[in-house]
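Each number in my numbering corresponds to the 1-based position in the sequence shown with 168 added. One structure is given here, and the rest of the page talks about it.
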Amino acid sequence: MNLGAFDFLTKPLDLYDLEITLNKTLKAVQDSKEALQQKKLVEQAHAELLKQQTLRESEKRFRALIENSTDIIMILNPDGKVIYSSPLAQKFLDNFDKNNLNISIFNIIHGNDRQLVRHTLQKVVENSSEKQYIKEFKIKNEQQNWQIFEAVFTNLTSDSYIEGIVVNCHNITDRKIAEEKLLHDAFHDSLTQLPNRALFMDRLSNALARYQRHSQDKFAVIFIDLDRFKIVNDSLGHNAGDRLIIEVANRLKQDMRDDDSVARMGGDEFAILLEYVKSEENAEYIAQRIQKLLQLPFYINEQEVYTSASIGIVLSNKDYQSPTDILRDADTAMYRAKTLGKARQEVFNTSMYADNLAQLKLEIDLRQALQRNELELYYQPIILLETGLICGFEALIRWKHPERGMISPNEFIPIAEETGLIIPIGWWTLQQACQQTYNWQQQFSLQSLTISVNLSGRQFSQSKLVEQVDEILCCTCLDHHSLRLEITETTIMENEQIVMGILSELKAMNIQLNIDDFGTGYSSLSRIRNFPIDTLKIDRSFVMTMDSESQNLEITKAIISLASNLEIDVIAEGVETASQLALLRDLNCKYGQGYFFSKPVDSSQATKSIASAKKW
């Protein structure tokens, strides 16, 4: 009998052998079971070993991530006590307790943020279904500086491995700084760091809303436009122009109260929101203070630069519903100040709307005046006081408007200056005046006859000014010495270095140079002597009253005496009486000009004056 793999039995069966065989079989079966169990245990142990190894490797990777993370990672209990802290977190915690005994997250959080974190921990615990909360708060770093972190709170209190609230804090300080810079740049001027138009309008809107709720909370808006800024910009360069804008901004900031807002609106325009203004007089007083502040010299690239401002003022009233309307009216008032002569302020009133429309139409008409031959030169004689005879003329432009008739230069010259039309008008004036003077010289054989022509500050910003003057003289055949170019004190003081160079070139061409309206500006004879000047023209305000006001007589006397010592001739403007003429002769003034001799007349009348050879 075959018993299979274990043994064989032979017939007849022996019971003893059978028992032995069965025992062997049973033992073999038991050994087989034990082997299987042992194998299974070995396999299980191997699997557990692999699992533990995988876990250790995973833990090793996780620990490496934690140890090298740039985030602060902590495990907290619901009260905020630190159960675990990453190495970076440890550095922050060490600032408070080197032994880390009973350290809480609240130890490293800014006081203003602690209530936020307490509330967040409470919500994390109470709402376990909503596991993550994201909050921002400040943490003090190793250098004891507060930095901004974005923290993710995750509820893992039910996780047997964690049993706490995991807080992962990511440093977002740089991002916040960048965001704040973007926000700042969006509402501030990049050159001056003043609030820009957008921020100013927001503050103005708030002031208007507050006034509408409480009428006693009055406010005012001051709109400022720098006079002659383009001349500075064109003559000294854009860097100098930017420097001037910065210096103006600094002066305005320093002069205003903390409650007031100073903004750069663009270009050379500024606006000021005056909070809690008591009256119109109060706003005007502040505007006058600004005028004085801006008329002080600026030092740009080691050079004195002068400017002034045209200022518009608007006061709050119940008719205003929009900040845009307020700013519009402030701008309107500023424009009125500029057209009335600059360096002044005007308070807005509704009649300015009609005036502005008229000014706009006048500007349009002025652009066409040259093409339509509406401009005409008038000539006022200049008298050599020693002989009483005409020795020259000053060319003065007039505008014969087809509808309005003769328009005063006081009305259209500021518009021409502002729009730049003064440049083509100025060259036309010079060409016409030189041609007429040459014609008179030929007609009367009077080669000594001179012509005085004003050069505007805008013309000095032209790069080819000297070449253009020379070209006009050559085209009209007028001798260079017969031309007297007149410039104002202000033009010289605004751009000393540029003007000095140009005047020196003109002087080298044998052209005579006059300082117009001397005594009304910032210069002095001690400074004028540095320029190649031939003649001073004493302003009419001194001459017209010198026979009635002793102070002006003394000023005139001093100017003539000092000019004589410097070998500079003097023309007295504004001579209107015989007594004034007599005084000027007694003072040895060389030239006179004014209504006593003649008003400005057209070329035909001037021709008759030359022909008459009248003596005064």
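Don't be surprised by glycine CBs; every beta carbon is placed ideally from N, CA and C.
Residue i - DSSP class collapsed to helix/strand/coil
i, result
"Met574", "strand"
"Gly409", "helix"
"Cys643", "helix"
"Gln292", "The sequence given here places Val at residue 292; Gln does not occur at that position. Helix."
"Phe391", "strand"
"Glu216", "helix"
"Leu171", "For Leu171, the predicted model reports a pLDDT of 46, less than 50, meaning its position is unreliable; a value from the coordinates is still stated below. Three-state DSSP puts Leu171 in coil, outside helix and strand."
"Leu617", "coil"
"Ser718", "helix"
"Lys782", "coil"
"Lys705", "strand"
"Leu589", "coil"
"Ser761", "Position check: residue 761 holds Gln in this sequence, whereas Ser was assumed. It is coil, neither helix nor strand."
"Val753", "According to the sequence displayed, residue 753 carries Arg and not Val. In the structure shown, Arg753 sits in a helix (DSSP, three-state: H, G or I)."
"Glu735", "coil"
"Gly159", "Because residue 159 is not part of the residues shown, which for the chain are 169 to 784, the question remains open."
"His278", "coil"
"Asn698", "coil"
"Tyr474", "coil"
"Lys767", "coil"
"Ser272", "strand"
"Thr193", "helix"
"Arg566", "strand"
"Asn663", "coil"
"Thr713", "coil"
"His338", "strand"
"Val743", "coil"
"Thr724", "helix"
"Thr325", "coil"
"Gln300", "strand"
"Gly687", "coil"
"Lys632", "coil"
"His382", "coil"
"Glu187", "helix"
Own chain, CB closer than 7 angstroms to residue i, minus 5 neighbours either side, in chain order
i, result
"Glu415", "Phe466"
"Tyr763", "Glu744"
"Ile251", "Ile243, Leu244, Asn245 and Gly332"
"Leu530", "Phe580 and Ile583"
"Phe710", "Gly687, Asn720, Ile723 and Thr724"
"Asn401", "Gly409"
"Thr587", "Glu531"
"Ala143", "Only positions 169 to 784 of the chain appear in this structure, which leaves residue 143 out of reach."
"Ile491", "Looking at the sequence itself, residue 491 is Pro, so the reference to Ile does not match. Within the same chain, Pro491 has close Cβ partners Met369, Leu372, Ser373 and Leu376."
"Leu534", "Phe580, Ile583, Ala584 and Leu589"
"Asp707", "Asp685, Phe686, Gly687, Thr688 and Glu741"
Sequence-distant residues of the same chain with beta carbon closer than 8 angstroms to residue i, five excluded per side
i, result
"Lys259", "Glu310"
"Ala779", "Phe612"
"Lys446", "Lys386"
"Thr325", "Pro246, Val293, Ser296, Glu331, Gly332 and Ile333"
"Ser383", "Lys486"
For residue i, the residue or residues it bridges with in DSSP
i, result
"Leu244", "Val250 and Ile333"
"Arg343", "Arg343 is not bridged to any residue."
"Glu654", "Asn622 and Asn682"
"Trp314", "Lys308"
"Pro363", "His356"
"Leu404", "DSSP output for Leu404 lists no bridge partner at all."
"Gly320", "Gly is not the amino acid found at residue 320; the sequence shown has Val there. Per DSSP, Ile302 and Asn336."
Other residues of its chain near residue i: CB distance less than 6 angstroms, five sequence neighbours each side excluded
i, result
"Asp737", "Thr703 and Lys758"
"Asn407", "none"
"Gly594", "Ser624 and Gln627"
"Ser484", "Tyr379, Lys386 and Phe387"
"Gln599", "Ile640"
Proximity test, Cβ basis, 8 angstroms: residue i and chain C
i, result
"Cys642", "The displayed structure is made up of one protein chain only, and chain C is not part of it."
- Along the chain, which unbroken stretches of the beta strand (DSSP E) at least 3 residues long are found entirely within the region 484–562? If you keep only unbroken beta strand (DSSP E) runs of at least 3 residues inside the region 484–562, you get 512–515 and 543–552.
I'd like the ranges of any alpha helix (DSSP H) spanning at least 4 consecutive residues and lying wholly in the region 413–470. Counting whole runs of 4 or more residues, the region 413–470 contains the alpha helix (DSSP H) stretches 448–463.
Quiz item: Any contact of the region 479–499 with the region 385–403, i.e. 3+ C-beta pairs under 8 angstroms?
Solution: Touching, yes, given that three or more Cβ pairs across the two stretches are closer than 8 angstroms.
Does the structure place the region 445–454 close enough to the region 645–661 that three or more beta carbon pairs sit under 8 angstroms? No, the region 645–661 does not touch the region 445–454.
Evaluate the contact criterion for the region 305–324 versus the region 278–292: three or more CB pairs, one atom per stretch, below 8 angstroms. They touch, by the three-pair rule.
Do the region 707–727 and the region 749–757 touch if we need at least three Cβ pairs shorter than 8 angstroms? Touching, yes, given that three or more Cβ pairs across the two stretches are closer than 8 angstroms.
Q. How about the region 417–430 and the region 360–370: do they share at least three Cβ pairs that are nearer than 8 angstroms?
A. For the pair of segments examined, the region 417–430 was found to touch the region 360–370: the number of CB pairs separated by less than 8 angstroms reaches three.
| Hey, is the region 729–736 in contact with the region 521–540, meaning 3+ C-beta pairs nearer than 8 angstroms? | Counting Cβ pairs under 8 angstroms, fewer than three are found: no touch.
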